[in-house]
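Novice:
2 protein chains.
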Amino acid sequence: MSAPSARPKKTKHRMILAAMDLFHAQGVRATSPQDVMDRTATGKSQFYHHFGSKEGLVHETLQYFYAQMCEGQFNNQPIRTWKGLEAWFGFFVTVSKQYDCQRGCPIGTIGNELDPAQELIRQDVNAVFTKAMANLERFFDNQKEQKRLKVGADPQELAQFCFATLQGGLLVSKVQRHPQALEAAVKNALIYLKSLRQSGGAA
Amino acid sequence: MSAPSARPKKTKHRMILAAMDLFHAQGVRATSPQDVMDRTATGKSQFYHHFGSKEGLVHETLQYFYAQMCEGQFNNQPIRTWKGLEAWFGFFVTVSKQYDCQRGCPIGTIGNELDPAQELIRQDVNAVFTKAMANLERFFDNQKEQKRLKVGADPQELAQFCFATLQGGLLVSKVQRHPQALEAAVKNALIYLKSLRQSGGAA
DNA sequence: ACATAACTGTACCTCCAGGTCTATTATAAT
DNA sequence: ATTATAATAGACCTGGAGGTACAGTTATGT
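Keeping their order, the protein sequence lines are chains L and S.
Converting from the first sequence to the working numbering requires adding 317 to each position, the first position being numbered 1.
Converting from the second sequence to the working numbering requires adding 317 to each position, the first position being numbered 1.
1. Pick from L:I333, L:I396, L:N392 and L:V468: whose alpha carbon is nearest that of T357 of chain L?
2. How many angstroms separate the CA atom of D417 of chain L from the CA atom of Y381 of chain S?
3. Under 8 angstroms between the Cβ atoms of P496 of chain S and V375 of chain S?
4. Using a cut-off of 9 angstroms between C-beta atoms, extract the partners of L475 of chain S located in chain L.
5. Nearest-angstrom Cα distance between R455 of chain L and R494 of chain S?
6. Residues in the same chain with beta-carbon distance under 7 angstroms from F408 of chain L, minus the five sequence neighbours each way, listed in chain order, please.
7. Establish whether the CB of K491 of chain L and some CB of chain S are separated by less than 8 angstroms.
8. Have a look at P433 of chain L and L488 of chain L and give me their C-alpha separation to the nearest angstrom.
9. Quick one: Cα of M318 of chain L to Cα of F368 of chain L, how far?
10. Going by beta carbon distance, what residues of the same chain come within less than 7 angstroms of E436 of chain S, once the five residues before and after it are set aside?
11. By how many angstroms is the C-alpha of V353 of chain S removed from the C-alpha of S512 of chain S?
12. If you follow the alpha helix (DSSP H) that I438 of chain S is in, where does it begin and where does it stop?
13. Rounding to the nearest angstrom, what Cα-Cα distance links E377 of chain L and M337 of chain L in this structure?
14. For V503 of chain L, which option in S:D471, S:F478 and S:L466 has the closest C-alpha, if you only look at C-alpha atoms?
15. So is P321 of chain S buried or exposed if we call it buried at 16+ other beta carbons inside 10 Å?
16. So, for A476 of chain S: in the same chain, excluding its five sequence neighbours on each side, which residues have a beta-carbon less than 7 angstroms away from its beta-carbon?
17. By the three-class DSSP mapping on this structure, what secondary structure does R397 of chain S have?
18. Quick test of your reading: R346 of chain S and R346 of chain L, contact by CB under 8 angstroms. State the CB separation rounded to the nearest angstrom.
19. Count the other CB atoms within 10 Å of the CB of Q343 of chain L; is the residue buried (16 or more) or exposed (fewer)?
20. Go ahead and label S370 of chain S buried or exposed: buried means 16 or more other beta carbons lie within 10 angstroms of its beta carbon, across all protein chains shown.
21. List, from N- to C-terminal side, the beta strand (DSSP E) runs of 3 residues or more that fit wholly inside the segment 324–389 of chain L.
22. Using C-beta distances below 8 angstroms, list every residue in its chain close to T348 of chain L, excluding the 5 sequence neighbours before and after it, in chain order.
23. For L431 of chain S, name the three-state secondary structure that DSSP assigns.
24. Please confirm whether K327 of chain L and G428 of chain S have their CB atoms less than 8 angstroms apart.
25. Cα separation between L431 of chain S and G485 of chain S?
26. Go ahead and label F406 of chain L buried or exposed: buried means 16 or more other beta carbons lie within 10 angstroms of its beta carbon, across all protein chains shown.
27. Pull up the DSSP beta-bridge partners for L466 of chain S, would you.
28. Over what stretch of residues does the alpha helix (DSSP H) that includes G529 of chain L continue unbroken?
29. Go through its chain and collect everything with a Cβ distance to D441 of chain L's Cβ below 8 angstroms, but skip five positions before and after it.
30. Judging by CA-CA distance, which residue of L:Q419, L:T482 and L:E500 is the nearest neighbour of E500 of chain S?
31. Does any residue of chain S bring its CB to less than 8 angstroms from the CB of F340 of chain L?
Structure follows, in structure tokens:
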């Protein structure tokens, strides 16, 4: 087979980026293929050539997001310190404010729109969520290995707790158009998590 | 003016209940007026007579939900004890499981679908959220008055923290089709909250 | 009983989402 | 240059979402 040329890939890429932003701003169901075409000055033929269907677009968009996370994008950098954990939360608070609290999590937004018929998309969203939580879990695991976390603390549970609090905070802030709830949620989550630290430990 | 008859009110009520369930299951945008008519064996004329538009249906549905909360429905009973707080969380975990983790919060689902153009609906959702958080806040306030809460604890922040954790937990569970994350989020939130108790206090 | 307002049935309309089809043009390896 | 394949253009189609119009049918107060 012939190697794909550079230009078309770029077009497809532009369409994915446009879709990501539209999904983030107004959700999946409110976004039509036409919206994506308009934003990218493309037509039906490109769209259906590249994605095959609207579901295909959603799928590829989520896969792209996942791939980017694997390269450390979208705040998926390894967390090494408690300060790093604070910064991890802080990133999302900052982004939420940048959008004037009019948007939530781009992936969470998609996840919330799921209905039981969309099993494939659900799995894509799940992969992204799992990736994010795995990053958190690794941090807590490391801390535990170094005896810097209380013995009873379960790294996986803590990761789920962090992520849930973040997602919920983003949603409430969006509904309130105000960052207060997100900030309160993050602040208290961090107080709790830090209370699980052990002073002892290696190095 | 003449008093409205009972039957039509019942019809309207049935339509609102159907809409609530459909919104919960598949979201607002995925639910058409036709879906509601099919579920209630009604027609366009009733629908547009009672609601005027689809937005009107969403609005009235949220208002109905709010009114029901004011009467203590939908788990909006006053919380009086720490056991009561546990039960408050527990209710949502139970419901989530009843739906086999295929649904999130009925109101949160609507909130997440909002885009900047839907200011009216946003306010309706906000009212429900605020109501729920006010209930939590009152509990923490009471505890504080009775010196059963640490001095530094801010009842409003704690209410926001609780609610965000719940919303996020429901979302993650829905995406994972598994209650684990919700349970972990609730469990850790409760550990934290109980750590803020003071043994002292009146009666 | 009768005027009036509330309710209901049914037909119709417009628009756009989502998607197919055929044809044409770049590209890229040989 | 040739040929396969990938990319683009754009006309066309179908169904359903959302809504209107209007006529008919109950209920209600007096």
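Idealized CB from N, CA, C, for every residue including glycine.
Specialist: Taking the geometry as given:
1. Taking the first sequence and counting its residues from 1, the one referred to as residue 357 of chain L is at position 40. Taking the Cα of T357 of chain L as reference, the smallest distance to any Cα among L:I333, L:I396, L:N392 and L:V468 is reached at L:I333.
2. Position 100 of the first sequence holds residue 417 of chain L. Position 64 of the second sequence holds residue 381 of chain S. Between D417 of chain L and Y381 of chain S, the C-alpha separation is close to 29 angstroms.
3. For this step, residue 496 of chain S is matched to residue 179 along the second sequence. For this step, residue 375 of chain S is matched to residue 58 along the second sequence. Taking 8 angstroms as the cut-off, the beta carbon of P496 of chain S is found no closer than this to the beta carbon of V375 of chain S.
4. Start at 1 with the first residue of the second sequence, and residue 475 of chain S comes out as number 158. By Cβ distance, chain L contributes A501 and N505.
5. The residue you call residue 455 of chain L lines up with position 138 of the first sequence. The residue you call residue 494 of chain S lines up with position 177 of the second sequence. Between R455 of chain L and R494 of chain S, the C-alpha separation is close to 23 angstroms.
6. Against the first sequence, residue 408 of chain L aligns to sequence position 91. So the qualifying residues of the chain are N392.
7. Within the first sequence, the letter at position 174 stands for residue 491 of chain L. Yes, its Cβ sits closer than 8 angstroms to a Cβ of chain S.
8. As a position in the first sequence, residue 433 of chain L is number 116, starting the count at 1. As a position in the first sequence, residue 488 of chain L is number 171, starting the count at 1. If I take the Cα positions, the gap works out to 21 angstroms.
9. Here residue 318 of chain L refers to the residue found at position 1 of the first sequence. Here residue 368 of chain L refers to the residue found at position 51 of the first sequence. Note that M318 of chain L scores a pLDDT of 37, beneath 50, so its modelled location is shaky and nothing firm can be said.
10. Indexing the second sequence from 1 puts residue 436 of chain S at position 119. Closer than 7 angstroms at the Cβ level, and outside the excluded window around E436 of chain S, lies no residue.
11. On the second sequence, position 195 is the one that residue 512 of chain S refers to. On the second sequence, position 36 is the one that residue 353 of chain S refers to. Separation of S512 of chain S and V353 of chain S (C-alpha to C-alpha, rounded to the nearest whole angstrom) is 47 angstroms.
12. Numbered from 1 along the second sequence, position 121 holds the residue referred to as residue 438 of chain S. That run of the alpha helix (DSSP H) goes E436 to E462.
13. Within the first sequence, the letter at position 60 stands for residue 377 of chain L. Within the first sequence, the letter at position 20 stands for residue 337 of chain L. When only Cα atoms are considered, E377 of chain L and M337 of chain L end up about 10 angstroms apart.
14. The sequence position of residue 503 of chain L within the first sequence is 186, counting from 1. Of S:D471, S:F478 and S:L466, the residue nearest in Cα terms is S:F478.
15. By one-based count along the second sequence, residue 321 of chain S stands at place 4. Bear in mind that the predicted position of P321 of chain S carries a pLDDT of just 45, short of 50, making it too unreliable to give a figure here.
16. Your numbering for residue 476 of chain S matches position 159 in the second sequence. So the list reads M450, L453, E454 and F457, once near-sequence residues are dropped.
17. Mapped onto the second sequence, residue 397 of chain S falls at position 80. Looking at R397 of chain S - three-state DSSP - the assignment turns out to be coil, as it is neither helix nor strand.
18. For the purposes of this step, residue 346 of chain S is taken as residue 29 along the second sequence, with counting starting at 1. For the purposes of this step, residue 346 of chain L is taken as residue 29 along the first sequence, with counting starting at 1. Yes, R346 of chain S and R346 of chain L are in contact; Cβ-Cβ is about 4 angstroms, under 8 angstroms.
19. Locating residue 343 of chain L in the first sequence gives position 26, counting from the first residue. Sixteen is the threshold: when 16 or more other Cβ atoms of the shown chains lie within 10 Å of the Cβ of Q343 of chain L, as they do, the residue is buried.
20. Numbered from 1 along the second sequence, position 53 holds the residue referred to as residue 370 of chain S. S370 of chain S comes out exposed.
21. Along the length of the segment 324–389 of chain L, whole beta strand (DSSP E) runs at least 3 residues long do not occur.
22. As a working mapping, residue 348 of chain L is identified with position 31 in the first sequence. Answer for T348 of chain L: A336, L339 and F340, listed in chain order.
23. Taking the second sequence and counting its residues from 1, the one referred to as residue 431 of chain S is at position 114. Three-state result, L431 of chain S: coil.
24. Within the first sequence, residue 327 of chain L is the residue found at index 10, counting from 1. Within the second sequence, residue 428 of chain S is the residue found at index 111, counting from 1. Contact: no.
25. As a first step, residue 431 of chain S is located in the second sequence; it is residue number 114 there, counting from the start. As a first step, residue 485 of chain S is located in the second sequence; it is residue number 168 there, counting from the start. The straight-line gap from Cα to Cα measures roughly 17 angstroms.
26. Along the first sequence, read from residue 1 onward, the residue named residue 406 of chain L stands at position 89. F406 of chain L is buried by the Cβ-count criterion.
27. Taking the second sequence and counting its residues from 1, the one referred to as residue 466 of chain S is at position 149. S:R514.
28. Missing from the structure shown is residue 529 of chain L; chain L here goes from 318 to 520 and no further.
29. Locating residue 441 of chain L in the first sequence gives position 124, where the first residue counts as 1. Only V375, H376, L379, Q380 and Y383 meet the Cβ criterion.
30. Position 183 of the second sequence, counted from the start, is the residue given in the question as residue 500 of chain S. Of L:Q419, L:T482 and L:E500, the residue nearest in Cα terms is L:T482.
31. The residue labelled residue 340 of chain L in the question sits at position 23 within the first sequence. No, F340 of chain L does not count as interfacial toward chain S.
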